[in-house]
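Undergrad:
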Amino acid sequence: MAREPLRLLRATAQRAGTAAVSPLRRFRRPTLRSFRRPSQPPSAAASPSRMPTPFGPPPFDPTALDPTAPARPLVRAAGLAAVTVLGAWIGLLVVGSVHISVGPMDTRMALRPSLTGGTKINVAPLGALELNSHHAPLRLDVDVDRLDPIRSQALVDHPERLSGLQDEVASDITRGTLGLALRSCVAVVFGATALGLAVYRRPRRALAAGGLALTLLTASGGAVYATWNPNSVLEPRYSGLLSSAPSVVGNARSIVTDFDVYQRELARLVTNVTQLYEATSTLPAYQPDPTTMRVLHISDVHLNPAAWHIVQSLVRQYKVSVIIDTGDTMDHGTSAENGFLDPVSDLGAPYVWVRGNHDSASTQRYLAKRKGAHVVDNGDVVTVAGLRIAGIGDPQFTPDRSAAAAGDAAEHSAGRQLAEAIRDRRAAGAPVDIALAHNPIAARETDGTVPLALTGHVHHRRTEVLPGGTRLMTEGSTGGSGLRAVDDATPDTVQASVLYLDRDTRRLQAWDEIDLGGLGLAKAEVSRHLPAENRPGATPTPTTP
Numbered sequence: 000m001a002r003e004p005l006r007l008l009r010a011t012a013q014r015a016g017t018a019a020v021s022p023l024r025r026f027r028r029p030t031l032r033s034f035r036r037p038s039q040p041p042s043a044a045a046s047p048s049r050m051p052t053p054f055g056p057p058p059f060d061p062t063a064l065d066p067t068a069p070a071r072p073l074v075r076a077a078g079l080a081a082v083t084v085l086g087a088w089i090g091l092l093v094v095g096s097v098h099i100s101v102g103p104m105d106t107r108m109a110l111r112p113s114l115t116g117g118t119k120i121n122v123a124p125l126g127a128l129e130l131n132s133h134h135a136p137l138r139l140d141v142d143v144d145r146l147d148p149i150r151s152q153a154l155v156d157h158p159e160r161l162s163g164l165q166d167e168v169a170s171d172i173t174r175g176t177l178g179l180a181l182r183s184c185v186a187v188v189f190g191a192t193a194l195g196l197a198v199y200r201r202p203r204r205a206l207a208a209g210g211l212a213l214t215l216l217t218a219s220g221g222a223v224y225a226t227w228n229p230n231s232v233l234e235p236r237y238s239g240l241l242s243s244a245p246s247v248v249g250n251a252r253s254i255v256t257d258f259d260v261y262q263r264e265l266a267r268l269v270t271n272v273t274q275l276y277e278a279t280s281t282l283p284a285y286q287p288d289p290t291t292m293r294v295l296h297i298s299d300v301h302l303n304p305a306a307w308h309i310v311q312s313l314v315r316q317y318k319v320s321v322i323i324d325t326g327d328t329m330d331h332g333t334s335a336e337n338g339f340l341d342p343v344s345d346l347g348a349p350y351v352w353v354r355g356n357h358d359s360a361s362t363q364r365y366l367a368k369r370k371g372a373h374v375v376d377n378g379d380v381v382t383v384a385g386l387r388i389a390g391i392g393d394p395q396f397t398p399d400r401s402a403a404a405a406g407d408a409a410e411h412s413a414g415r416q417l418a419e420a421i422r423d424r425r426a427a428g429a430p431v432d433i434a435l436a437h438n439p440i441a442a443r444e445t446d447g448t449v450p451l452a453l454t455g456h457v458h459h460r461r462t463e464v465l466p467g468g469t470r471l472m473t474e475g476s477t478g479g480s481g482l483r484a485v486d487d488a489t490p491d492t493v494q495a496s497v498l499y500l501d502r503d504t505r506r507l508q509a510w511d512e513i514d515l516g517g518l519g520l521a522k523a524e525v526s527r528h529l530p531a532e533n534r535p536g537a538t539p540t541p542t543t544p
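Counting along the sequence shown from 1, when you hit position 205 you're at 204 in numbering that gives the first Met the number 0, and nothing is skipped either side.
#1: Does DSSP put Glu234 in a helix, in a strand, or in coil?
#2: For Leu91, which of helix, strand or coil comes out of DSSP?
#3: Distance, Cα to Cα, Ser298 vs Gly355?
#4: Which residue comes first and which comes last in the beta strand (DSSP E) that contains Glu410?
#5: With distances taken Cα to Cα, identify the nearest neighbour of Phe339 among Leu346, Ala348, Asp345 and Met329.
#6: Output the boundary residues of the beta strand (DSSP E) element that contains Pro112.
#7: Which residue from Ala434, Gly385 and Arg425 puts its Cα closest to that of Val375?
#8: Could you name each continuous alpha helix (DSSP H) segment of 4 residues or more that falls completely within the stretch 318–370, going from the start of the chain to the end?
#9: Considering only the alpha carbon of each residue, which of Arg422, Asp407, Ala348 and Thr397 lies closest to Asp379?
#10: Should Gly428 go down as buried or exposed, given a rule of 16 or more other Cβ atoms within 10 Å for buried?
#11: What first and last residue would you give for the alpha helix (DSSP H) that runs through Ser219?
#12: Give me whichever residues DSSP pairs with Tyr499 in a beta bridge.
#13: Does the separation of the CB atoms of Ile602 and Gly195 fall below 8 Å?
#14: Closer than 6 Å by C-beta to Met472: which residues in its own chain qualify, once you throw out the five before and the five after it? Chain order, please.
#15: If you compare alpha carbons, which of Pro430, Thr173 and Asp142 is closest to Asn121?
#16: Within this structure, are the beta carbons of Ile322 and Ala348 separated by less than 8 Å?
#17: For Leu386 versus Asp324, is the C-beta distance shorter than 8 Å?
#18: How would you label Arg36, buried or exposed, when you count the other beta carbons within 10 angstroms and need 16 or more for buried?
#19: Excluding the 5 residues preceding and the 5 following Gln311 in the sequence, name in chain order all residues of the same chain whose CB lies nearer than 7 Å to its CB.
#20: When you compare only the Cα positions, how much space is there between Ala384 and Pro398?
#21: Among Thr118, Leu128 and Ala127, whose alpha-carbon lies nearest the alpha-carbon of His134?
#22: Check each candidate in Lys368, Gly455 and Leu498 and name the one with the smallest Cα separation from Thr477.
#23: Within 10 angstroms of its Cβ, does Pro112 collect 16 or more other Cβ (buried), or is it exposed?
#24: Excluding the 5 residues flanking Val187 on each side, which residues of the same chain have their C-beta closer than 6 Å to its C-beta?
#25: Let's test the definition: count the other Cβ atoms within 10 Å of the Cβ of Asn377 and tell me whether it reaches 16, buried, or not, exposed.
#26: DSSP three-state label for Arg460, please.
#27: Please report the straight-line C-alpha distance between Glu419 and Ala109, rounded to a whole angstrom.
#28: Do you know offhand how far Leu465's Cα is from Arg443's?
#29: Decide if Gly414 is buried, meaning its Cβ has at least 16 other Cβ atoms within 10 Å, or exposed.
#30: Suppose contacts are defined by Cβ-Cβ distances below 8 Å. Is Val353 in contact with Gly392 by that definition?
#31: Using a Cβ-Cβ cutoff of less than 6 Å, which residues in the same chain neighbour Glu512 once the five nearest sequence positions on both sides are dropped?
#32: Checking 8 Å against the spacing of the C-beta atoms, do Val97 and Gly175 come in under that value?
#33: Kindly indicate which three-state DSSP category Val381 falls into: helix, strand or coil?
#34: Could you tell me which residues DSSP pairs with Asp514 in its beta bridges?
#35: Cα-Cα, which of Asp514, Pro136 and Leu79 is closest to Arg203?
#36: Going by the CB atoms, is the gap between His437 and Gly326 shorter than 8 Å?
As structure tokens, this is what we get:
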């Protein structure tokens, strides 16, 4: 009996010592010894379901029962990374943007997570402009909220101010970028920390998430700096109403070498865009550069009547000098289809055509009689708008099931015939500027004999420089693969290209790739591209073939 008061006093002291523990220890992982009661046997004290904690019973932890069980550090690290990325994203979406004036425009700049990087400039209601400015997991979004009427009118009344506009815009963008960087740092740290605290309820884990978010943002900023491409503005991608922008500001050659002309056109663009905001009119048509010829490359129309309306629109908008069609205008090549070719005479520009594997000899004879049409075959050369163009028709007519397809061997043979004809013309002192074939296999045989070769057939666009120096440009389907596109869940894109050639040398200076939504779609995108030798700082290549 005398020992009973001592046992009660010892138990009371132990409970008091437990209550006096620092509050910071509440966040430590509870141990088995901490919650073992004197009256419980060891087996009962080791039961995790009966261990009290300040926040209720802890979750089941198999490592508490089996000391040899793995601690799963990879799972914890993956969870922390997911919380960090999600929290940083939320922070950027909520508070990671700045409002700033850039020249005559009021804009909002923001960083957004992205797999490809780049810069996207949204100009409502005109459309968007995309630049391949960098490669990093961050995309810079610039939303043009409005054009300030006072600042815009000042530029219209005093065009000479454009001479200093580029420096002003550069200064505004630099200031906005610095402000955006600071605000983004705060946004990602705040977002990741707040979400980490909500998920883990531990300040140490929450601060770790915030620090990791800041580290990721800093690393992404370093990737942006390392891959920054200031010349990306020369090769933009337009969408919406801005798809007419290449025809507004001129071709790439005039922008690079004739900046004073570009400034005057930019002044006129500012004027008309301001009027568009006020009167919702359309963008103006640019007066073509007299030193440049514009060639519209189409292919694989496949009996889509909408293609002719698209071609007419592009001819008017870009002031096209000549249209080149690399075949498969028909689908079955029957005589009943020949009437489909009648609009060729009213497209507004000379039409040069080479036979595809869906075009019959009857198709070729009918088209040769159309006004404004020029058919090239068997290595023949026509001169249209100052361009010497040679071509050869596809040797195979695949809709004819009575004859077995000859395969690639026939294409190689046709290509060699075309290359030989081009060599003969060069030996005679009249070198060919452009070679045409429907199948890229045939066109590859002309490598080294001509500067530019145009093809189609494969229904997707591709551009490459062959080992001999010839640039091979394969066009997609201007007819969106024809009526067969309705069989697919997603309609094929309607594709065409506008090629800018120097009027004196007849060399390619730049090209615009035009993508239009297929059947039932209404989107438009234009991408500007420059040959490597025409980019700023590049060394011009010798004019060899």
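C-beta: ideal position from N, C-alpha, C; glycine also.
TA: According to the data block:
#1: Glu234: coil per DSSP, three-state reduction.
#2: Of the three classes helix, strand and coil, the one that applies to Leu91 here is helix, per DSSP.
#3: The C-alpha of Gly355 is placed about 9 Å away from the C-alpha of Ser298.
#4: Glu410 -> not in any beta strand (DSSP E); alpha helix (DSSP H) instead, spanning Asp407 to Ala426.
#5: Selected option, being the one with the closest Cα: Met329.
#6: From DSSP, the beta strand (DSSP E) with Pro112 extends over Met104 to Pro112.
#7: When each option's Cα is compared against that of Val375, the closest is Ala434.
#8: Listed in chain order, they are 360–367.
#9: It is Arg422.
#10: Exposed, since its Cβ has fewer than 16 Cβ neighbours within 10 Å.
#11: DSSP places Ser219 in the uninterrupted alpha helix (DSSP H) bounded by Pro202 to Thr226.
#12: For Tyr499, which the question treats as bridged, DSSP gives the partners Arg293 and Ala509.
#13: The structure shown does not extend to residue 602, since the chain spans only 0 to 544, so no value can be given for it.
#14: Here the set comprises Leu453 and Thr462.
#15: Per the C-alpha coordinates, the member of Pro430, Thr173 and Asp142 positioned closest to Asn121 is Asp142.
#16: In contact: Ile322 and Ala348 (Cβ atoms closer than 8 Å).
#17: No, the pair does not count as a contact, with Cβ atoms beyond the cut-off.
#18: With a pLDDT of 49 at Arg36, under the threshold of 50, the modelled position of this residue cannot be trusted; read the value that follows with caution. Flag for Arg36 reads exposed.
#19: If we look at Gln311 and ignore the five residues flanking it on each side, its Cβ neighbours are Leu346 and Gly347.
#20: Each residue's Cα considered, the two are about 34 Å apart.
#21: Measuring from the Cα of His134, the nearest candidate turns out to be Thr118.
#22: Nearest to Thr477 by alpha-carbon distance, out of Lys368, Gly455 and Leu498, is Gly455.
#23: Exposed, since its Cβ has fewer than 16 Cβ neighbours within 10 Å.
#24: Excluding residues within five positions, the ones whose Cβ falls inside 6 Å are Ala87, Gly90, Ala212 and Leu216.
#25: Looking at its Cβ environment, which holds fewer than 16 other Cβ atoms inside 10 Å, Asn377 is exposed.
#26: Arg460: coil per DSSP, three-state reduction.
#27: Straight-line measurement puts the Cα of Ala109 at about 57 Å from the Cα of Glu419.
#28: Rounded to whole angstroms, the separation of the alpha carbons of Arg443 and Leu465 is 8 Å.
#29: With 16 or more Cβ atoms within 10 Å of its Cβ, Gly414 is classed as buried.
#30: Remark: C-beta atoms of Val353 and Gly392 approach each other more closely than 8 Å.
#31: Same-chain partners within the cutoff: Ser496 and Ser526.
#32: Going by C-beta atoms, Val97 is nearer than 8 Å to Gly175.
#33: Strand at Val381.
#34: In DSSP, Asp514 forms a bridge with Gln494 and Glu524.
#35: Of the candidates Asp514, Pro136 and Leu79, Leu79 places its Cα closest to the Cα of Arg203.
#36: The answer is yes: Cβ separation under 8 Å.
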